[in-house]
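Residue numbers (our numbering): 13 to 574.
A virtual CB, placed ideally from N, CA and C, is assigned to each residue, including glycine.
These numbers come from a predicted model, not from an experiment.
For reference, the structure discussed in these notes is given below.
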């Protein structure tokens, strides 16, 4: 008895040490991406940070395009800080994101234990800890790490037949998942199907299931009530009104935000076949391409075989394998329509842990059964596993080195450009190319009261940057407008008080999706007499960030057309 306890204690110590080593290596990968000295250009982080300040100021109103979960989580950490430097608070979000992503290695191990023994569960933890896309994403300060963390915990609790109450925790966490990201709504569907796969349909289990759903609804009810009070719809989603116009630009443009265009409208205009092609086949193609890119550098080899091996599971509980497939198929299927418009792979990062489970099945089969063909000893098999992990690390290092890091000189010129706009100009500005990414940061940094006293309820959703800047007469405000030609843009711009157009030299090739008809203006400004150049960074000595800003003269535009 004492010997058995001693062996278990020794095994546990070994596992803890392995997880600490794996986590340490993973942190190294993450820190190779992060830059705490420069502001991030990802605008989503500013939304979450401003949302956190809104919460600390007692305003729990929801941003139009985001949920509150991540902002709620980071808001208490802001209460213990009294800095007037916005970068300080942005870095707090980054650090928390990195910490959560690293801690998730432990739940990943526990999830893998539902399918494998300790050895292969550690392998699964390595595949997760060294995954380059997740490591890079964790440094952005966004909601994906905590989203993945909560989903893994929810999966752990529902895939546990030995405890008759764990599934309650799973549905509770499922409600929190919805708080974190809008597509978390589908968790209640996923958990409902898995519940009856694992615990089997019966009158007793059906009553337990109703309690689970009731618990889920209790968790999400404050969010639904807030949405109803704020938007008159508890299931409000900002893209629901004009999503089926089928153009990404219409989702973010000021002049299309009030357009009502449903799926039935699209079908009426383009037919059922046209609808399926645009929102089904296109979405499937974009998603397949996105997953293909996501699986590099090492999952691309393992996942296809994992899919095949999972069909005839040998050492895994068949109900658990079915549950993995339910989660994968519903998670991916639920966002196919979104991928037809917006192919952002961050929408499906939550499937990584479950693809890793399938990948680990491949490694287990090879080591446990394939190597027996060559009469490998147990020690040789363990050496093979160490070799596999070594290859994974090498591939991850190689892939990580290929990822573009922040160009500090370019970032500094972005900030300087934004400061010039903020100090010398005012009015609404539209950009062709990656020009105004740091305008939000510069304006918020210049006046700490703008972010430290921020309240979402005073936010004007029609303008950018995403803040409560409503007095655009006295400051520079970035907006987007939908137009299919320069003439149409100028006409619409007049209706929406557009004053300036900024054009990046790198966008003149026409690759910029928003306003390709603006590409020639950078080099052929003399052909557009109604556009007066008011700023040229190249003439100011900028080396990398070359942008021209033009003021629109609407009177000259009219004369030019007559």
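Here DSSP, grouped into helix, strand and coil, assigns residue 562 to strand. Residue 345 is classed as exposed because its beta carbon has fewer than 16 other beta carbons within 10 Å across all chains shown. Boundaries for residue 374: no beta strand (DSSP E) harbours it, while the alpha helix (DSSP H) harbouring it runs 364-377, taken from the DSSP string. Taking C-beta atoms as the reference points, residue 445 and residue 355 fail to come closer than 8 Å. When only Cα atoms are considered, residue 254 and residue 286 end up about 17 Å apart.
By the neighbour-count criterion, in which 16 or more other beta carbons inside 10 Å mark a residue as buried, residue 120 falls on the buried side. When the Cα atoms are used, residue 156 and residue 23 turn out to be separated by approximately 32 Å. With contacts defined as CB atoms closer than 8 Å, residue 162 and residue 192 qualify as a contacting pair.
Following the DSSP letters along the chain, one finds residue 439 inside the beta strand (DSSP E) bounded by residues 439-444. Rounded to the nearest whole angstrom, the CA to CA distance from residue 185 to residue 504 is 46 Å. Put simply, of 455, 94, 172, 259 the residue whose alpha carbon is nearest the alpha carbon of residue 351 is 259. Leaving aside the five residues that flank residue 113 on each side, the residues in its chain whose CB is nearer than 6 Å to its CB run, in chain order, 150, 157. Burial of residue 534 is indicated by the presence of at least 16 other C-beta atoms within 10 angstroms of its C-beta.
Non-local beta-carbon contacts of residue 208 in its own chain, meaning distances under 8 Å to residues more than five positions away in sequence, involve 217, 221 in chain order. Apart from the 5 residues on each side of it in sequence, residue 368 sits with its Cβ closer than 6 Å to the Cβ of 136, 139, 140 in its chain, given in chain order. DSSP places residue 170 inside the alpha helix (DSSP H), whose first and last residues are 156-170.
In the three-state DSSP reduction, residue 492 falls in the coil class, being neither helix nor strand. Across the structure, residue 109 and residue 159 are spaced so that their CA atoms are roughly 10 Å apart.
At a cut-off of 4 residues, the continuous stretches assigned as alpha helix (DSSP H) that sit fully inside the segment 246-330 are 260-264, 275-288, 294-306, 311-323. Non-local C-beta neighbours of residue 556 in its own chain, meaning closer than 8 Å and more than five positions away in sequence, comprise 419, 421, 422, 425, ordered along the chain. Taken through DSSP and simplified to helix, strand or coil, residue 69 comes out as coil. Membership of residue 94 in any beta strand (DSSP E) is not indicated, and neither H nor E is assigned to it by DSSP.
Comparing alpha carbon positions, the residue from 105, 165, 102 closest to residue 117 is 165.
In the three-state scheme derived from DSSP, where H, G and I count as helix and E and B as strand, residue 545 is classed as strand. Beta bridge pairing from DSSP links residue 516 with 559. Counting of Cβ neighbours within 10 angstroms places residue 239 among the buried residues, the total reaching 16 or more. Bounds of the alpha helix (DSSP H) holding residue 145 are 144-150. Checking the DSSP bridge columns, you'll see residue 510 partnered with 440. Nearest to residue 228 by C-alpha distance, out of 201, 241, 528, 243, is 201.
The residue from 105, 329, 95, 147 with its alpha-carbon nearest to that of residue 173 is 329. Cα atoms of residue 434 and residue 515: separation of roughly 17 Å, rounded to the nearest angstrom.
In the assembly as shown, residue 394 is an exposed residue. Its beta-carbon has fewer than 16 other beta-carbons within 10 Å. Nearest neighbour of residue 335 by Cα position, chosen from 171, 197, 528, 320, turns out to be 171. In the DSSP assignment, residue 551 falls outside any alpha helix (DSSP H) and carries neither an H nor an E. Only residues of its own chain outside the window of five on either side were considered, and among them 561, 563 have a CB closer than 6 Å to the CB of residue 546, listed in chain order.
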